[in-house]
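**Q**
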Amino acid sequence: MKVISEHDVARGAVVDEGTHADPVAIHGSGPHSFVCGACGVVLVDGVRFGQVESVAFRCAACRAFNAIPRVMGGDGTLEA
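Under numbering that gives the first Met the number 0, the first residue of the sequence shown is numbered 0, with each subsequent residue one higher.
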């Protein structure tokens, strides 16, 4: 995921549910996982592209704020 500033986070919702024992904030059954852009810890596991949008995730391990890339088109490509 892309690390974002606290200023950018102030404009939207933040998921801060992970713990040091289990840093994954969302567990699902989809094919994709997202890791913290700062430390590489898995924050979102088992989702489909576009399933989780417009929310930031705070890493339980390093406390960085992360944004999930948005799906850009019908072909499933992600924003950089």
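We treat Cβ as the ideally placed atom computed from N, Cα and C, and that holds for glycine. If you're wondering where the values come from, they're calculated on a predicted model, not measured in any experiment.
1) For the beta strand (DSSP E) holding residue 12, just list the boundary residues, first then last.
2) Please confirm if residue 26 has its CB atom under 8 Å from at least one CB of chain D.
3) Can you check DSSP and say which residues form a bridge with residue 31?
4) Mind checking residue 17: buried by the 16 CB within 10 Å criterion, or exposed?
5) Just list the residues that DSSP pairs residue 25 with in beta bridges.
6) Which value, in whole angstroms, describes the spacing of the CA atoms of residue 22 and residue 36?
**A** The short version:
1) 12 to 14
2) Within the model displayed, chain D is absent; a lone protein chain is all it includes.
3) 46
4) buried
5) Answer by DSSP bridge pairing, in chain order: 43.
6) Rounded to whole angstroms, the separation of the alpha carbons of residue 36 and residue 22 is 14 Å.
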